[in-house]
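I have placed the structure first, in the form of structure tokens, so that the comments after it can refer back to it.
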Amino acid sequence: MAEDIRTIELKVAGMTCAMCAKTIEHSLLDLDGTTDAEVNLGNETVRVE
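What follows is the structure, encoded as structure tokens:
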């Protein structure tokens, strides 16, 4: 049976630097069930699978 992978995009206000973005990305990747996380600092968005 194929795995059900969902992608969501979230707005994250207040990110001011690349370190903020990396901290959020690494925290999301540490969560069970997260296969990918991509932070866009310019748009203040996070895409999570």
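Residue numbers (the working numbering): 297 to 345.
Quick reminder that beta carbons are idealized off the backbone N, C-alpha and C, glycines included.
| query | result |
| --- | --- |
| Quick one, which of ASN336, ASP300 and GLU345 has its alpha-carbon nearest MET315's? | ASN336 |
| CB-CB under 6 Å to GLU321, same chain, minus the five flanking residues each way: which ones, in chain order? | ALA333 and VAL335 |
| What are the boundary residues of the beta strand (DSSP E) that LEU306 is part of? | 304-307 |
| How far does the alpha helix (DSSP H) with GLU334 in it extend, from its first residue to its last? | Where GLU334 is concerned, there is no enclosing alpha helix (DSSP H), although the beta strand (DSSP E) it sits in stretches over 333-336. |
| Would you report the Cα separation of ASP326 and ASN339, rounded to the nearest angstrom? | 23 Å |
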